[in-house]
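Enquirer: Numbering (the working numbering), first residue to last: 38 to 207. Where is the CB? At the ideal position from N, CA and C, for every residue including glycine. Dropping the structure in here first, questions after.
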């Protein structure tokens, strides 16, 4: 329990330091690759969210997902790459290989699909090397270039608004 507080302190410190050094991303109108960072503690329709993106012209193989679970069980096998607090060490550093690969991938678009400020998710969003970041307006506005004002359960509306904006920029 005490280590969780220390871990969260260092994650917040790392996030704060990283937010101060964020550079503006360059938008490319040709979106090919998408990174999807989802908080499945609050939202359980990741598969449907991906299907909505596919129906808007994104190739399913070009969508890479990382799923956060607040109650991560190491013994359980998850259908999508999942992580929890255990995958961040007490210094606030990522210790899971797939998470490091996820944040090092230069996606054309990163969708931060969480609407409550979680230090771990916010740290991953801020450290991501994605060219353009989109998220919810209820999360710190320094993290994402675009913020969409919908409820987390309204994934169809979120995707519709996202692609409407993307098409208007082309």
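Return the chain-ordered list of same chain residues with a C-beta closer than 8 Å to the C-beta of residue 111, the five sequence neighbours on each side being excluded.
Expert: Correct list, in chain order: 123.
Enquirer: Tell me whether the beta-carbon of residue 72 lies closer than 8 Å to the beta-carbon of residue 187.
Expert: In this structure, residue 187 does not lie closer than 8 Å to residue 72 by Cβ.
Enquirer: Please name the residue, chosen from 109, 121, 178 and 189, that lies closest to residue 85 on a Cα-to-Cα basis.
Expert: Looking at the Cα atoms, 189 is the closest of the given residues.
Enquirer: Just list the beta strand (DSSP E) runs in the segment 134–176, keeping only unbroken ones of 3 residues or longer that don't cross its boundaries, in chain order.
Expert: Listed in chain order, the complete beta strand (DSSP E) runs (minimum 3 residues) inside the segment 134–176 are 146–150 and 170–173.
Enquirer: Secondary structure at residue 95, three-state DSSP: helix, strand or coil?
Expert: Coil.
Enquirer: Select from 206, 204, 200 and 205 the residue whose C-alpha is nearest the C-alpha of residue 90.
Expert: The residue with the shortest Cα to Cα distance from residue 90 is 200.
Enquirer: Just to confirm, is the Cβ distance from residue 167 to residue 147 under 8 Å?
Expert: It is a contact, given that the beta carbons lie within the stated cut-off.
Enquirer: Sorted by chain position, which residues of the same chain lie with C-beta nearer than 8 Å to residue 178's C-beta, five sequence neighbours on each side aside?
Expert: Answer for residue 178: 184, listed in chain order.
Enquirer: Do you know whose CA, among 161, 165, 160 and 195, lies nearest residue 173's CA?
Expert: For residue 173, the nearest C-alpha among the options comes from 195.
Enquirer: What does the alpha-carbon distance come out to for the pair residue 153 and residue 75?
Expert: Near 11 Å, if we compare the C-alpha coordinates of residue 75 and residue 153.
Enquirer: Between residue 149 and residue 181, which are expected to be in contact by the criterion C-beta below 8 Å, what is the C-beta distance as a whole number of angstroms?
Expert: Contact flag correct, Cβ pair sits at about 6 Å.
Enquirer: Give the straight-line distance between the Cα atoms of residue 192 and residue 159, rounded to the nearest whole angstrom.
Expert: So the two alpha carbons sit approximately 20 Å from each other.
Enquirer: Look up residue 101 in the DSSP assignment and say whether it is helix, strand or coil.
Expert: Residue state, collapsed to three classes: strand.
Enquirer: Compare the C-beta of residue 162 against all C-beta atoms of chain C and say whether one is closer than 8 Å.
Expert: Looking at the structure shown, chain C is missing, and only one protein chain is on hand.
Enquirer: Helix, strand or coil, according to DSSP, for residue 199 in the structure here?
Expert: In the structure shown, residue 199 sits in a helix (DSSP, three-state: H, G or I).
Enquirer: Between the beta-carbon of residue 78 and the beta-carbon of residue 113, is there less than 8 Å?
Expert: No, they are not a contact pair.
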